[in-house]
Amino acid sequence: MSDPVTVTERAAKRITEIVAGEAAARALRISVEGGGCSGFQYKFDLVPAAADDDVVLERSGAKVVIDQVSMGYLAGSEIDFVDDLIGASFRVNNPKATASCGCGTSFSI
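Numbering (the UniProt record's numbering), first residue to last: 1 to 109.
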């Protein structure tokens, strides 16, 4: 069975690099919160461990944790890392999003 959210190899590599530089961090938490210019926004945090009810994704040694509520909004998404002229950032390619803002961290369903 495949993961409901996928993590690209680029994202996994960057997560591994970031976590290696943080003594207390072991995983990247991705969550969805109300707000932003389109209604919802993605939030990225470094955390020491997953909560008991988190979904844990692993790729190439990198861990991503997502809470159950956020998973409802993120199911089917791809987590990527991009480094372009605008800057370097994690990007969520979410098939459920009907609109998003220019910054790529805010969306609506």
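C-beta: ideal position from N, C-alpha, C; glycine also.
Just so we're clear, the structure is a prediction, and the values are computed from it rather than from any experiment.
Euclidean distance between Cα positions of residue i and residue j
i, j, result
"residue 96", "residue 76", "8 Å"
"residue 29", "residue 19", "12 Å"
"residue 24", "residue 45", "12 Å"
"residue 8", "residue 63", "12 Å"
"residue 2", "residue 87", "Per-residue confidence for residue 2 stands at a pLDDT of 48, beneath the threshold of 50, marking its modelled position as unreliable; the derived number appears in the next sentence. Their Cα atoms are separated by approximately 30 Å."
"residue 50", "residue 4", "17 Å"
"residue 56", "residue 85", "31 Å"
"residue 78", "residue 42", "13 Å"
"residue 34", "residue 21", "30 Å"
Under 8 Å between C-beta atoms of residue i and residue j
i, j, result
"residue 10", "residue 81", "yes"
"residue 31", "residue 67", "yes"
"residue 6", "residue 60", "no"
For residue i: DSSP bridge partner residues
i, result
"residue 27", "47"
"residue 58", "63"
Where residue i falls, given that 16 or more other Cβ within 10 Å makes a residue buried
i, result
"residue 70", "buried"
"residue 52", "exposed"
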